[in-house]
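Numbering (this note's numbering), first residue to last: 997 to 1278. Positions of the beta carbon are idealized from the N, C-alpha and C atoms, including for glycine.
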């Protein structure tokens, strides 16, 4: 059945949707332009910066991968991201369980302190962390950077996981304890599987954060062989100002952004579901 809409309703819907459409175009077009530029030669980028490539070729990707050692930077980023994500879970899951399930003095204060860490700029701790890593011989070390990454995401991870653990019936844990299971086994055999939705959400969000992070890597890494992908792209960008290797820069950006897009596209619904459930359960 055809429903007549008033001019006010039409204008109202248009007023809501038009800014969203314009914002979407403003966000997506630079990314689309970057993808096109990655398949153009430098001469074609200057001659036809906004058009479709005359012929799609992979030379820019080859140069980025070989001449600028992007392969090493990709490997470093994978190592840092994987270790950082795992370390975060290893620290966050027991902490969230202890805060939520073990009634000890100061548990609420501890949770408040962790949540407050989400509001404190990480930059305030960079100088102390710099000297701490230097004393531990972890400065200019991708493993030291992974530890810093893991600690930086602890507040967010604990906040989300605590919300999930709070909804698990205590009767399950009590029954397991009566069967002789230790608190440690209860945590890993019962609580952790039942919190898997929150764990996956936290892991993906943290992995994307670690993969894209730039400033802490810039401060704590100095050697080019330890560069993460973000630092390698920054180096290529500075070189492009003098060599005009814009195609190589675009190719390196594509290499960096494609894994994130694929990861988010695969787990988009799970991330949205996990964050929504965590908010409701919290």
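Residues in the same chain with beta-carbon distance under 8 Å from residue i, minus the five sequence neighbours each way, listed in chain order, please.
i, result
"residue 1057", "1034, 1247, 1250, 1251"
"residue 1244", "1056, 1059, 1060, 1063, 1064, 1232, 1236"
"residue 1239", "none"
"residue 1261", "none"
Helix, strand or coil for residue i per DSSP?
i, result
"residue 1175", "coil"
"residue 1164", "coil"
"residue 1237", "helix"
"residue 1101", "coil"
"residue 1085", "helix"
"residue 1243", "helix"
"residue 1150", "helix"
"residue 1113", "coil"
"residue 1158", "helix"
"residue 1209", "coil"
"residue 1217", "coil"
"residue 1191", "coil"
"residue 1077", "helix"
"residue 1276", "Bear in mind that a pLDDT of 49 at residue 1276, under 50, signals an unreliable position, so the number given afterwards is only what the model happens to contain. Of the three classes helix, strand and coil, the one that applies to residue 1276 here is helix, per DSSP."
"residue 1199", "helix"
Take the Cβ of residue i as the centre, count every other Cβ of all protein chains shown within 10 Å, and call the residue buried at 16 or more, exposed below.
i, result
"residue 1096", "buried"
"residue 1258", "exposed"
"residue 1158", "buried"
"residue 1029", "exposed"
"residue 1201", "buried"
"residue 1209", "buried"
"residue 1242", "buried"
"residue 1140", "buried"
"residue 1224", "buried"
"residue 1084", "buried"
"residue 1152", "buried"
"residue 1010", "exposed"
Considering only residues of the same chain and omitting the five flanking positions on each side of residue i, which have a CB-CB separation below 7 Å?
i, result
"residue 1050", "1040"
"residue 1031", "1250"
"residue 1229", "1248, 1249, 1252"
"residue 1206", "1076, 1077, 1080, 1081, 1145"
Ignore the nearest five residues each way along the sequence and tell me which others in residue i's own chain have a CB closer than 6 Å to its CB.
i, result
"residue 1148", "1118"
Going residue by residue through the segment 999-1073, where are the continuous alpha helix (DSSP H) segments of at least 4 residues, counting only ones entirely within it? 1003-1034, 1038-1043, 1055-1062
Those runs of the alpha helix (DSSP H) which lie wholly inside the segment 1115-1148 and span at least 4 residues: 1122-1131, 1138-1148
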